[in-house]
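Undergrad: Below: one structure in structure tokens.
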Amino acid sequence: MQDGMAFVSSGVPGLDEVLGGGLRRGFVYFIEGDSGTGKTTLGLQFLREGVRQGERTLVVSLSETTGELATAAESHGWTLDGIDVRDLTGKGDADGAPVLFHFSETALEERVGQLLKALEEARPQRMVLDTLSALRILSDRPGALRRHMERIQHRAHQLDCNLLMVDTAFGEELLHPRSLAWGILRLERSVGDYGPQRRRLYVPKLRGQAYLDGYHDMRIRRGGIKVFPSLRAIPDPAAPEARTVSTGIESLDTLLGGGLLQGTSAALLGPPGTGKSTLVSQLALALAGSGEPGAVFLFEESVETFFRRAQGQGCDLGSRLENGALRLHQVSPAECSPGEFAHRLRRLVEEEGVRFVAIDSLNGYLHAMPDDRFMHTHIHDLLSYLGGRGVITLVTMTQTGPLAIGQPMPVDLSYLADTVILQRYFEAHGAIHTAISVMKKRYGDHEHTIREYRIGPQGLVLGEPLTRFRGVLTGVPEYVGEESPLM
Ligand SMILES: Nc1ncnc2c1ncn2[C@@H]1O[C@H](COP(=O)(O)OP(=O)(O)OP(=O)(O)O)[C@@H](O)[C@H]1O
Ligand SMILES: [Mg+2]
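Just so you know, we're using this note's numbering here: the sequence shown kicks off at 1331 and counts up by one.
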């Protein structure tokens, strides 16, 4: 609550947070957007929240008939019970005869008169006017519409009523009624070349209160709209005390200069088949066992495959999954927007106490969200959000081709992550081996060596540092030392 003024809940999950608490009691808000962006759905959700709270609610519908509204509500599993519906569409009067409109100032005045009458009769605490566009077409003088809207706004304010005006036209012209609004919400949607349409919302204007700036992803499913406040806009809490956590593999700890520091991110880069997911399962098990409950998001394989492989490598995740110290989530492509995914992570961190997050792999994640031009910024926001809450984040990325060098990365993880671990193939004495090294660590020192590793029934086992390599920077180093130190 700010300066003693109460907030009213919008009834849309996530939206109150975006608005810095909710809607101000007694004020007018505009809901703008093209056709099909969810304006009517939002309006109904807002009114139903009022009904839930025992308030008087009114919808003056100028574009959809009562029947159409009821059908829309039904598709969400809702009813219009408790909502006073005034059908001013003119699509049919009581005896079913169509009402003809003349487009004139009088027609506009007549409609506004009916609207004000409905407001007086219902004296609602929440009202939705859907849509303003239906009034706009009655008059070609923007000044006239604005004057009428001022009257309605004034009366609603006197009655302490929250009024949502739904509109499809948004412009900046001087006489546009939106300048009367306390706040404006804009709903948008876009369709990419592939995948489902994406919806998002932003707040072009909100007077007198702090709110979350920028675009926020949203979704409409049966049950209504959900908004996913962008992680970027959420303020960080005070930085928690960080300790270094063991990876459970002694020589990997040595390589990492002790282990993984809480609140930092690590990228695991390597060509296909080098064992990135194997390392993810081993780290997840070790961390879950040392008080860092984890969540692993699988973008490429099923939970079953991940679990079985780990089991075959002596890494039994069963008991950790059972006691909730570890969660495995398979995310199928096109299932959710970056904003929705971020929101799932946020819930896990803020409500379920998750302290370790792994994304396997970022390639899969990027395929799931092919159209996003801002992926780099999004990953950056994701890592900073998690870092700010002391979470250890592990992100794997498959580098294409066996050389794994000189290939552009879709998102430069080596720059975004605090620690970069490289897994590589190398050649020695006519055979292919695998090696691991730490390329960078932002906080603290690490070992600057290359160690061979093998994956077997004991999982990933590291050898002693190898010193005699040629062509390390080619991406396929060749070991030129004696055969004996090799595993
Ligand atoms: N029950 C539902 N389940 C899933 N999606 C739905 C459901 N009902 C509506 N939608 C989606 O929400 C979209 C927006 O619906 P809504 O009627 O609220 O939009 P609107 O902005 O009011 O459109 P208009 O300007 O044409 O009145 C629909 O096009 C549809 O894609
Ligand atoms: Mg509508």
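Note that the Cβ used here is the ideal one computed from N, Cα and C, for glycine as well.
(1) In chain order, what residues place their C-beta within less than 7 Å of a heavy atom belonging to ligand 2?
(2) Would you mind sorting Glu1379 into buried or exposed? The rule is 16 or more other CB atoms within 10 Å of its CB.
(3) Which whole runs of the alpha helix (DSSP H) in the stretch 1609-1640 are 4 residues long or more, in chain order?
(4) With DSSP as the reference, please indicate the residues paired to Met1548 in a beta bridge.
(5) Cβ of Glu1777 within 8 Å of Cβ of Gly1587?
(6) Are the beta-carbon atoms of Leu1590 and Val1348 separated by less than 8 Å?
(7) Kindly indicate the opening and closing residues of the alpha helix (DSSP H) around Pro1715.
(8) Contact defined as beta carbons within less than 8 Å: I believe Ala1616 pairs with Arg1657. What is the distance between those atoms, to the nearest angstrom?
(9) Taking 6 Å as the limit between beta carbons, can you name the residues of its chain near Val1442, skipping five residues before and five after?
(10) Can you give the Cα-Cα distance for Ala1336 and Glu1682, rounded to whole angstroms?
(11) Just to confirm the assignment, what range does the alpha helix (DSSP H) spanning Met1479 have?
(12) In terms of residues, what are the limits of the alpha helix (DSSP H) holding Glu1682?
(13) Between the C-alpha atoms of Leu1475 and Glu1435, what's the straight-line distance to the nearest angstrom?
(14) If I measure Cβ to Cβ from His1763 and keep anything under 6 Å in the same chain, skipping five residues before and after, which residues do I get?
(15) Where DSSP assigns a beta bridge to Pro1795, which residues make up the other side?
(16) Counting only the same chain and skipping the five closest in sequence on each side, list residues whose C-beta sits under 7 Å from that of Met1548.
(17) So Ala1511 and Phe1360 are in contact, right, with Cβ under 8 Å, and what is the actual spacing, rounded?
(18) Excluding the 5 residues preceding and the 5 following Glu1670 in the sequence, name in chain order all residues of the same chain whose CB lies nearer than 7 Å to its CB.
(19) Between the C-alpha atoms of Val1806 and Met1769, what's the straight-line distance to the nearest angstrom?
(20) By how many angstroms is the C-alpha of Arg1639 removed from the C-alpha of Gln1660?
(21) Output the distance between the C-alpha atoms of Val1725 and Cys1491, rounded to the nearest integer angstrom.
(22) Just to confirm, does His1776 get its C-beta within under 7 Å of one of the non-hydrogen atoms of ligand 1?
(23) Report the option in Leu1790, Val1810, Gln1788 whose CA atom is closest to the CA atom of Arg1798.
(24) Taking only beta-carbon atoms, is Phe1636 less than 8 Å away from chain C?
(25) One question on the structure: do Leu1712 and Val1679 come within less than 8 Å of each other, judged by their Cβ atoms?
(26) So the candidates are Gly1789, Glu1398, Arg1485; which of them puts its Cα closest to the Cα of Val1277?
(27) Leaving out the 5 sequence neighbours to the left and right, which residues in its chain are closer than 7 Å to Pro1602 when beta-carbon positions are compared?
(28) Beta carbon of Arg1552: closer than 7 Å to some heavy atom of ligand 1?
TA: In short, the structure shows the following:
(1) Lys1369, Thr1370, Ser1393, Glu1394, Asp1460, Thr1461, Val1496
(2) As a working mapping, residue 1379 is identified with position 49 in the sequence shown. Buried, by the Cβ-count rule.
(3) none
(4) If you number the sequence shown from 1, residue 1548 lands on position 218. DSSP lists Arg1529, Val1557 as partners of Met1548.
(5) Stepping through the sequence shown from its first residue, residue 1777 is reached at position 447. Stepping through the sequence shown from its first residue, residue 1587 is reached at position 257. Going by C-beta atoms, Glu1777 is nearer than 8 Å to Gly1587.
(6) Within the sequence shown, numbered from 1, the residue matching residue 1590 stands at position 260. Within the sequence shown, numbered from 1, the residue matching residue 1348 stands at position 18. No, the pair does not count as a contact, with Cβ atoms beyond the cut-off.
(7) Walking along the sequence shown from the start, residue 1715 turns up at place 385. According to the sequence shown, residue 1715 is Tyr rather than Pro. Run containing Tyr1715: 1705-1718, per the alpha helix (DSSP H) assignment.
(8) Numbered from its first residue, the sequence shown carries residue 1616 at position 286. Numbered from its first residue, the sequence shown carries residue 1657 at position 327. Taking a contact as a CB-CB distance under 8 Å, the pair Ala1616 and Arg1657 does not count as one, their CB atoms being some 16 Å apart.
(9) Counting from 1 along the sequence shown, the entry for residue 1442 is found at position 112. Only His1478 meet the Cβ criterion.
(10) In the sequence shown, counting from the first residue as 1, residue 1336 sits at position 6. In the sequence shown, counting from the first residue as 1, residue 1682 sits at position 352. The alpha-carbon atoms of Ala1336 and Glu1682 are separated by roughly 30 Å.
(11) Locating residue 1479 in the sequence shown gives position 149, where the first residue counts as 1. First-last of the alpha helix (DSSP H) with Met1479: 1472-1488.
(12) Reading the sequence shown from its first residue, position 352 is the one you call residue 1682. It is not in any alpha helix (DSSP H) - Glu1682 carries neither H nor E in the DSSP assignment.
(13) Indexing the sequence shown from 1 puts residue 1475 at position 145. Indexing the sequence shown from 1 puts residue 1435 at position 105. Looking at the two C-alpha atoms, the distance is approximately 9 Å.
(14) Numbered from its first residue, the sequence shown carries residue 1763 at position 433. Within the same chain, His1763 has close Cβ partners Phe1756, Glu1782.
(15) Mapped onto the sequence shown, residue 1795 falls at position 465. Arg1781, per the DSSP bridge assignment.
(16) Residue 1548 sits at position 218 when you count from the first residue of the sequence shown. Closer than 7 Å at Cβ, skipping near neighbours: Arg1529, Arg1530, Leu1531, Ile1555, Lys1556, Val1557, Phe1558.
(17) Here the question's residue 1511 lines up with position 181 in the sequence shown. Here the question's residue 1360 lines up with position 30 in the sequence shown. Going by Cβ atoms, the distance from Ala1511 to Phe1360 rounds to 4 Å, so yes, they are a contact pair.
(18) Looking up residue 1670 in the sequence shown gives position 340. Contacts found: Asp1547, Arg1549, Phe1558.
(19) Reading the sequence shown from its first residue, position 476 is the one you call residue 1806. Reading the sequence shown from its first residue, position 439 is the one you call residue 1769. Cα-Cα distance, rounded: 15 Å.
(20) Taking the sequence shown and counting its residues from 1, one reaches residue 1660 at position 330. Taking the sequence shown and counting its residues from 1, one reaches residue 1639 at position 309. Near 15 Å, if we compare the C-alpha coordinates of Arg1639 and Gln1660.
(21) The sequence position of residue 1725 within the sequence shown is 395, counting from 1. The sequence position of residue 1491 within the sequence shown is 161, counting from 1. Answer to the nearest angstrom: the Cα atoms are 49 Å apart.
(22) As a first step, residue 1776 must be located in the sequence shown, where it is residue number 446. Flag unset: Cβ of His1776 not near ligand 1.
(23) Looking up residue 1798 in the sequence shown gives position 468. Considering only alpha carbons, the answer is Val1810.
(24) No chain C is part of this structure, which consists of one protein chain only.
(25) To locate residue 1712, count along the sequence shown from 1; it is residue 382. To locate residue 1679, count along the sequence shown from 1; it is residue 349. A distance of 8 Å or more separates the beta carbons of Leu1712 and Val1679.
(26) Here the chain covers residues 1331 to 1817 and nothing more, so residue 1277 does not appear.
(27) Counting from one through the sequence shown, the residue named residue 1602 turns up at place 272. Within the same chain, Pro1602 has close Cβ partners Thr1728.
(28) Mapped onto the sequence shown, residue 1552 falls at position 222. Under cutoff, so the answer is yes.
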